[in-house]
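Below is one structure, written out as structure tokens, with a few remarks after it.
Number of protein chains: 2
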Amino acid sequence: MPRPERNSLPSDDLKANKVLNHIKPLVAGRDVLDALVELIEAAKLTVGDKLPPEVELARRLGVGRSKIREALNAWQKMGIVVRNKGAGTRLAAEIASHSVHMPLTMKLEAESLLRTHAVRRPLEIEAVRLATVEATDQQRKVILARMAELMAVYEAGEDWRPADHRFHNEIFAATGNPLFGQLIAQIQKAFQDIYEAPFGKPHLGQSSIVLHRPMAEAIASGDQISAVNYTTQIMDIVEAEVREIIGAGK
Amino acid sequence: MPRPERNSLPSDDLKANKVLNHIKPLVAGRDVLDALVELIEAAKLTVGDKLPPEVELARRLGVGRSKIREALNAWQKMGIVVRNKGAGTRLAAEIASHSVHMPLTMKLEAESLLRTHAVRRPLEIEAVRLATVEATDQQRKVILARMAELMAVYEAGEDWRPADHRFHNEIFAATGNPLFGQLIAQIQKAFQDIYEAPFGKPHLGQSSIVLHRPMAEAIASGDQISAVNYTTQIMDIVEAEVREIIGAGK
DNA sequence: AAACCGAACATTGTCTGACATAGTTGACTC
DNA sequence: GAGTCAACTATGTCAGACAATGTTCGGTTT
Numbered sequence: 001m002p003r004p005e006r007n008s009l010p011s012d013d014l015k016a017n018k019v020l021n022h023i024k025p026l027v028a029g030r031d032v033l034d035a036l037v038e039l040i041e042a043a044k045l046t047v048g049d050k051l052p053p054e055v056e057l058a059r060r061l062g063v064g065r066s067k068i069r070e071a072l073n074a075w076q077k078m079g080i081v082v083r084n085k086g087a088g089t090r091l092a093a094e095i096a097s098h099s100v101h102m103p104l105t106m107k108l109e110a111e112s113l114l115r116t117h118a119v120r121r122p123l124e125i126e127a128v129r130l131a132t133v134e135a136t137d138q139q140r141k142v143i144l145a146r147m148a149e150l151m152a153v154y155e156a157g158e159d160w161r162p163a164d165h166r167f168h169n170e171i172f173a174a175t176g177n178p179l180f181g182q183l184i185a186q187i188q189k190a191f192q193d194i195y196e197a198p199f200g201k202p203h204l205g206q207s208s209i210v211l212h213r214p215m216a217e218a219i220a221s222g223d224q225i226s227a228v229n230y231t232t233q234i235m236d237i238v239e240a241e242v243r244e245i246i247g248a249g250k
Numbered sequence: 251m252p253r254p255e256r257n258s259l260p261s262d263d264l265k266a267n268k269v270l271n272h273i274k275p276l277v278a279g280r281d282v283l284d285a286l287v288e289l290i291e292a293a294k295l296t297v298g299d300k301l302p303p304e305v306e307l308a309r310r311l312g313v314g315r316s317k318i319r320e321a322l323n324a325w326q327k328m329g330i331v332v333r334n335k336g337a338g339t340r341l342a343a344e345i346a347s348h349s350v351h352m353p354l355t356m357k358l359e360a361e362s363l364l365r366t367h368a369v370r371r372p373l374e375i376e377a378v379r380l381a382t383v384e385a386t387d388q389q390r391k392v393i394l395a396r397m398a399e400l401m402a403v404y405e406a407g408e409d410w411r412p413a414d415h416r417f418h419n420e421i422f423a424a425t426g427n428p429l430f431g432q433l434i435a436q437i438q439k440a441f442q443d444i445y446e447a448p449f450g451k452p453h454l455g456q457s458s459i460v461l462h463r464p465m466a467e468a469i470a471s472g473d474q475i476s477a478v479n480y481t482t483q484i485m486d487i488v489e490a491e492v493r494e495i496i497g498a499g500k
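Quick note, the sequences are listed as chains Z and B, same order.
Counting along the first sequence from 1, when you hit position 169 you're at 169 in our numbering, and nothing is skipped either side.
Going from the second sequence to our numbering is simple: count from 1 and add 250.
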């Protein structure tokens, strides 16, 4: 015998219903991700809360489901949301307690920035250690040269990031293991928007620049312990700066 | 006046045509990305070469266009391919040298197994350290449970790799940073392909299994130093085993 | 009353077909 | 031979349908 129909409305999350009232139609040129962030902010969704389903979002924003899916899939790759067949899409990013007042855009992106750094940190340290052990004499000379170039650009007050990039690439090359450079490049590429967009011209890492000289010299002279120490310090400073930026963003 | 029909075949890239002959149908369970990599390698495509169009790939691989698109879009985000409306999809990076899909290329030389391990090592150690610090009480319990499960399976003489996988995944989850899991998953995939195919039934890691119990207990009790120590030992053992296999395999 | 079960439901995953948009090609014109 | 332009190619997006799977809730059992 067929079951009787269910007559009560599904008592879904109250928040999820509330969300729908906040959705604005998507004007031309705006990005779907931006619209989604705005929606999440407006509805004050936090970790674990469920987002409206894809079809609903697509209908309200006036775009096809495919665009919504693309956006949410990208977020899932970055660890911002978790999606499950049958269940819905939920916010997965952990929002630091001290950044509650920050707009969610910043919160999500800052959170990703910290996560990226957390992965980059051990890779970079190990790469330096390996480079100290494995580099050829020629490579040690090049590393010192790149460091000198970096310091010159830095003291001239110019944009030092390209030089910094070349310097670190030389270290990765010296490990003899291309995977290090590739993995870090991949990570940086995936989060490039984050690095550049929300914080404007980044002063990220300025105060750690001065440590690059002793680090390079440690690599060149084969002093494994010092090289690792300096790199660890640099990573710590960068992390502190990231946290500071996040804290200052409220 | 209407233009006359074009009667000559489009003299497309020779390679692109050659490619189609290499495409194999996608068997169940294989990943689309894997199939694409295999295809690219079989056709010896290099930087700048054009891939077959989406519809063609979908038809040959026996999947919908959406899956192909998802895979190619992911690659584009990583900078492996460049896609243009109207024009096609072209290889933008040397896929053989890119980290995302090293399995096939790595099968060729066992030496790259060591390189892979060199990258995995610091990631795994840092993940364990983070998990020791960040895990919730619930997660610590689950880690212990997974460890017990792993030991049971191991002592029963069954295939312990799935249990091992679940155990490590739980640790990655406990870091609160999904990037660790994602990166290591890629690397591990490379490992699996390697030590399953050429070396037969792998004994890789067996002798390190016994160290998993104290490691899990260190994580659960928040003993950062011990956890890192045990993980380092495990990594060292695995590395030694890899070297042994390589030495014996020539 | 609490635990259990199953059918309906909700939601993401995938396939298919269609159209829009934009780059590429090649025959035709000059 | 150079330029033009229509046809062709290929990706971007939309819409609808079905599949797969987690979730909910009424009814049944203990």
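Virtual Cβ for every residue (Gly too), placed ideally from N, Cα, C.
Within 9 Å, strictly: CB atoms of B/Thr-425 and Z/Ala-92: no
Can you find a C-beta in chain Z that's less than 9 Å from the C-beta of B/Leu-286? no
Strictly under 9 Å for the Cβ-Cβ distance: is B/Ser-316 near chain Z by that measure? yes
Distance, Cα to Cα, Z/Leu-61 vs B/Glu-320? 22 Å
Could you tell me whether any Cβ in chain Z is nearer than 9 Å to the Cβ of B/Gln-389? no
Spell out whether any CB of chain Z is found under 9 Å from the CB atom of B/Ala-293. no
Would B/Ser-316 be called buried (16 or more neighbouring beta carbons within 10 Å of its own) or exposed? exposed
Cross-strand partners of B/Arg-340 (DSSP beta bridge): B/Lys-300, B/Val-332
How should B/Pro-412 be labelled, buried or exposed, when 16 other C-beta atoms within 10 angstroms of its C-beta is the threshold for buried? exposed
Could you give the residue range of the alpha helix (DSSP H) that holds Z/Asn-169? 161–174
So for Z/Tyr-195, helix, strand or coil by DSSP? In this prediction, Z/Tyr-195 has a pLDDT of 46, which is less than 50 and means its spatial position is unreliable; nothing more can be read from the coordinates.
Taking Cβ positions only, does B/Glu-320 come closer than 9 Å to chain Z? yes
Measure the alpha-carbon distance for B/Ala-377 versus B/Leu-433 and round it to whole angstroms. 11 Å
What residues in the stretch 411–430 of chain B have a beta carbon less than 9 Å from any beta carbon of chain Z? Thr-425, Gly-426, Asn-427, Pro-428, Leu-429, Phe-430
Below 8 Å on C-beta distance, what does Z/Leu-123 contact in chain B? Val-369, Pro-372, Leu-373
Is Z/Arg-83 close to chain B, meaning its C-beta is less than 9 Å from at least one C-beta of that chain? no
Is the beta carbon of Z/Leu-144 less than 9 Å from the beta carbon of Z/Ala-220? yes
Same chain, Cβ closer than 7 Å to Z/Thr-231, five either side skipped, listed in chain order: Glu-124, Ile-125, Val-128, Met-215
What is the rounded straight-line gap between the Cα of Z/Glu-158 and the Cα of Z/Val-238? 19 Å
So, is the C-beta of Z/Asn-73 closer than 9 Å to a C-beta in chain B? yes
How many Å lie between Z/Ile-234 and B/Gly-336 at the Cα? 46 Å
Going straight from the alpha carbon of Z/Arg-83 to that of Z/Ala-185, what length do you get? 27 Å
Could you compute how far the alpha carbon of Z/Asp-193 sits from the alpha carbon of Z/Val-32? Note on Z/Asp-193: pLDDT 47, under 50, position unreliable in the model; the coordinate value appears next. The straight-line gap from Cα to Cα measures roughly 15 Å.
Whole angstroms are fine: how far does the CA of B/Ile-330 sit from the CA of B/Glu-288? 15 Å
Identify the contact partners of B/Arg-365 in chain Z, using a Cβ-Cβ distance below 7 Å as the criterion. Asn-177, Leu-179
Along chain B, in chain order, which residues have C-beta atoms closer than 8 Å to that of Z/Leu-91? The premise fails here: Z/Leu-91 is roughly 13 Å from chain B at the closest Cβ pair, so nothing lies under 8 Å.
Minimum Cβ-Cβ distance from Z/Leu-51 to chain B less than 9 Å: no
Kindly indicate which three-state DSSP category Z/Val-63 falls into: helix, strand or coil? coil
Chain Z contact for B/Leu-394 (CB, 9 Å cutoff): no
Rounded to the nearest angstrom, what separates B/Glu-459 and Z/Val-55 at their Cα positions? Here residue 459 of chain B turns out to be Ile, not Glu, going by the sequence shown. Spanning the two alpha carbons is a distance of roughly 47 Å.
Just to confirm the assignment, what range does the alpha helix (DSSP H) spanning B/Leu-286 have? 282–292
Would you list, in sequence order, the uninterrupted alpha helix (DSSP H) runs of no fewer than 4 residues that lie entirely inside the stretch 202–237 of chain Z? 212–221
So is B/Leu-380 in contact with chain Z if we call contact Cβ pairs under 9 Å? yes
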